[in-house]
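Notes to accompany the following structure.
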Amino acid sequence: MISLLGCIAFEHNPWLVALAVLICVAGSWITIRLYLRAASEAMPLQRVGWQFLTAVCASAAIWCTHFVAMLGFRPHVPVDFDPVKTIASLLIALIGSLAAFHLAGYRRLWKAPLWGGALLGMTITAMHYTGMAAYEVRGIAFWNMSYVIVSAICAVALSVATLHVSNLASPRAKLGGSALLVLAIASLHFIGMTAFRVEPLQSPVGTVDAAHLNALALAVSCMAFVIVGTGVVSYMIEDRTRNDSVERLRQMALSDVLTGLPNRARLIDFLQIEVTQLQADKERLALVAIDLNRFKEINDSKGHQAGDEVLRIIAARMTKSLRAGEFVARVGGDEFVAVRRYTEAAQLTDFLTRMENATSRAVQYDDWEVTPGASIGVAMYPDDAQNLDTLQNNADLAMYRSKADPHHAICFYEPAMDETVRARRALVAALREAVTNRQLQIYYQVQTSLLSGEIVGYEALLRWQHPERGFIPPSEFIPLAEEHGLINTIGEWVLFEACKHAATWDPPYRIAVNLSAAQLSSGDLPRIVASALQESGLTADRLELELTESIIFADRERALETLGEIKALGVSIALDDFGTGYSSLGTLQSFAFDRIKLDRSFVCELARSNQAKAIIRAVLALGKSLSVPVLAEGIETHDQLLPLIEERCDEVQGFLFGRPVPLDQIVASGQIRIADPAESAQPADKQTDEGLLSPS
Ligand code: C2E
Ligand code: MG
Ligand code: MG
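FYI, in numbering that gives the first Met the number 0 the residues of the sequence shown are 0 to 695.
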């Protein structure tokens, strides 16, 4: 040990030793990084490329360290270098390192890094002693073989340790690996130099050109730094590019591609962090589920590009309205979730108002405008739920409540909602069963002309007789059928069934059938109506389809186009529940309706409210001016009827004239006679057997 230190301290130029160590440290640092980079490369060709770069840097570190340190060695005799052996030592360093790193990266070899490390150690040894063979001194060189053997053992053992440590999963592995490689190179060199002794043959005066050797050492160092520097720069550029790509991929994995908002995965991360930071005693976490109301209609009627644009615009508005600590994510087609912590109710109200504003303002796209609107449900942590799954579920429940209630865009979770949802789910299941098991039935309600006092038609009204729960009103199950995609099947069945019945009636009264929004937006309605007429043999002028303003309002242009096609078949169209919609006058102007059905709510008020009388008078005047007959719904008493007669209302419908009843009751009362099956195009009883799903 003392000889070793003495060799370093007294037989070397300290500046060149320091330079050699610097080269060794820099070269080892980058060698280990490049080696690990090569090891992580999946593509074989690229891996070999990285291994080559590793070997170039490693050999520069090994050879230049050796050469510069050797130039700093002071043998006190003239020295010379054999060019062939010097170049051979350089090639040994390069080829040996390449082979060693390639072997270390050979995945099918057991403990490959250790074998590679051993080869690297042998390379360092072979390079050093070949380099020493090129070192020609004018004197007698002595080798202490013990030191030579120890140096070789140290080089191999430390190189094996280098690659082993570098591959460890520890954060300090790279540093440890680099330090071990420095030790491997330096120990081999300096122990090797300790083994070397020169006995001068003659007086060395003036024979060692120190300046010449120093200049050579500097030149070699410069080359070493250039090579190592190239390795460092390549590594850093690639590392940066890779980190950028990884970051981009990470961003992509956590955000929604269409809107750029965070996605569900990011939401979950965010919620988990927020919950841990919540000051449980005074803070609350509000989770706001937002679902657009008219997104499906926009998609169906304007195409997916328009739908995407609407989502992008709304997402941008939401993002813009966010304040510090607030968060919004897109978690599904038209579903968003917004989150914020709050201490005072006013903060939450303000947050909700901003979120609602983002969806309730009109969206402009090309030459049309739509107001998507949203149903918003809010649940609070920890009050409404003790874990995040339940919190999201409860916010959804509140959102569904808001969807079902057009008057409340924002609903807060209440424990009773759980029960309601369970009940609704059971009802949906039962409705599906009712559709297949034909538990649905059509009742008919008479429509009478006030001018002649005669029956003019019947409205088909759907009834559901639940085997256990009894009668379930359409106001309860029709919205359910609309929500769960059952309405098209049901609506089509009603249409076919009512047409088939009416085709057998004598006298041939008009038959009115109600339509839902989904039926109108399916785009297939004109074809379905035509085939219902054709199959039943009912003439088109006897069929009337009733629809409410809200159906048209959802997608005006397309609805009016479809209605035009139906009207072209000869079928008449009635505007149902008139007066309860948003823009009654505009609706009336936009389409040539065949009948206005004045909503029951006006008739109810008729006997006691002058205002209701004035409204009815105005509607009747409007009907007259547009030449559209008006039918007043819901007449229950003579007091309600009288003003309608006075105001010369065209037609009426209500309990006073007849409740909705099954067809056989109407037949039994003698109002309708069923024509002989031979006379009608299709017999009624045959059609009833075909079941609900047959018309489609
Ligand atoms: P609607 O089309 O406005 O039908 C009139 C509703 O008023 C019917 O309720 C009828 O029973 C009720 N009604 C008639 N006269 C009176 C009266 O004098 N007093 C009172 N209080 N009510 C009266 P119903 O049958 O419960 O139907 C409710 C709604 O369900 C209908 O309103 C219609 O929008 C919808 N509906 C019924 N059947 C169908 C159907 O086959 N398809 C679709 N899409 N909707 C249907
Ligand atoms: Mg109706
Ligand atoms: Mg109505």
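Even for Gly, the Cβ is constructed at its ideal location relative to N, Cα and C.
Quiz prompt | Element boundaries [alpha helix (DSSP H), containing G191] | solution = 172-193
Exercise. Could you pull out every unbroken beta strand (DSSP E) segment of at least 3 residues lying fully inside the stretch 332-409, listed in chain order?
Key: 334-341, 362-364, 367-369, 373-380
Quiz prompt | Local conformation of Q444 per DSSP, three classes | solution = strand
Quiz item: From the DSSP output, which residues share a beta bridge with K84?
Solution: Answer is none; K84 lacks a bridge partner.
Quiz item: Hey, is K623 close to ligand 3, as in C-beta under 7 Å from one of its heavy atoms?
Solution: no
Exercise. Going by DSSP, name the residue or residues bridged to Q464.
Key: F470
Practice problem: Below 8 Å CB to CB, which residues in the same chain sit around L215 once its five sequence neighbours on both sides are set aside? | Solution: L70
Self-check item: Contacting residues, own chain, Cβ-Cβ under 6 Å from Y380 (five flanking each side not counted)
Solution: L284, L390
Self-check item: C-alpha gap between F654 and S668, whole angstroms
Solution: 16 Å
Quiz item: Apart from the five residues just before and just after L711, which ones in its own chain have a Cβ nearer than 6 Å to its Cβ?
Solution: Within the shown structure, residues of the chain are numbered from 0 to 695, placing residue 711 beyond reach of any answer.
Practice problem: Could you tell me which residues DSSP pairs with D290 in its beta bridges? | Solution: E334, S374
Practice problem: Return yes when the C-beta of D523 is under 7 Å from any heavy atom of ligand 1, and no when it is not. | Solution: no
Quiz item: Whole-angstrom Cβ separation of V512 and E545, contact assumed at under 8 Å?
Solution: 7 Å
Quiz item: Cβ-heavy atom distance between E548 and ligand 3 below 7 Å?
Solution: no
Quiz item: Taking the DSSP output, what are the residues bridged to I673?
Solution: W504
Quiz item: From which residue to which residue does the beta strand (DSSP E) around I595 run?
Solution: 594-597
Quiz item: Out of curiosity, what's the CA-to-CA distance linking P13 and V20?
Solution: 10 Å
Quiz prompt | Contiguous beta strand (DSSP E) assignments of at least 3 residues, all confined to the stretch 579-649 | solution = 594-597, 629-631
Quiz item: Using the C-alpha atoms, what's the distance from E491 back to A631?
Solution: 26 Å
Quiz item: For Y128, which three-state DSSP category applies?
Solution: helix
Self-check item: Three-pair Cβ contact test at 8 Å for the stretch 158-173 versus the stretch 39-47
Solution: no
Quiz item: From P199 to A140, what distance separates their C-alpha atoms?
Solution: 9 Å
Self-check item: Cβ-heavy atom distance, D598 to ligand 2, below 7 Å
Solution: no
Quiz item: Among the residues of its own chain, which have a CB less than 6 Å from the CB of G205, if the five just before and after it don't count?
Solution: Confidence at G205 is low in this model, with a pLDDT of 48, below 50, so the placement of that residue should be treated as unreliable; the coordinate-derived value is given next. For G205, where only same-chain residues beyond five positions count, there are no Cβ hits under 6 Å.
Practice problem: Taking 8 Å as the threshold, find out whether the stretch 354-364 comes into contact with the stretch 311-326 through three or more Cβ pairs. | Solution: yes
Quiz prompt | Three-pair Cβ contact test at 8 Å for the stretch 389-408 versus the stretch 428-443 | solution = no
Quiz item: Would you say E632 touches ligand 3, meaning its beta carbon is less than 7 Å from a heavy atom?
Solution: yes
Practice problem: Return yes when at least one heavy atom of ligand 5 lies under 7 Å from the C-beta of D593, else no. | Solution: Absence of ligand 5 from the depicted structure is noted, with ligand 1, ligand 2 and ligand 3 being the only ligands included.
Quiz prompt | Cβ contact check for the stretch 28-39 and the stretch 96-104: 3 or more pairs under 8 Å | solution = yes
Quiz prompt | Opening and closing residue of the beta strand (DSSP E) in which T547 lies | solution = 542-547
Quiz item: DSSP puts E556 in a beta bridge; with which residues?
Solution: Note: E556 sits in no beta bridge, so no partner.
Practice problem: For I565, count neighbouring C-beta atoms within 10 Å of its own C-beta (all shown protein chains included) and say buried if the count is 16 or more, exposed if not. | Solution: buried
Practice problem: Would you tell me roughly how many angstroms separate the C-alpha atoms of A573 and L514, rounded to the nearest one? | Solution: 10 Å
Quiz item: Around ligand 2, what residues have a beta-carbon under 6 Å from a heavy atom of it, in chain order?
Solution: E458, N513, E545, D575
Quiz item: How do the stretch 151-165 and the stretch 113-120 stand: do at least 3 beta-carbon pairs fall below 8 Å, yes or no?
Solution: yes
Quiz item: Is the closest heavy atom of ligand 1 to the C-beta of I527 under 7 Å?
Solution: no
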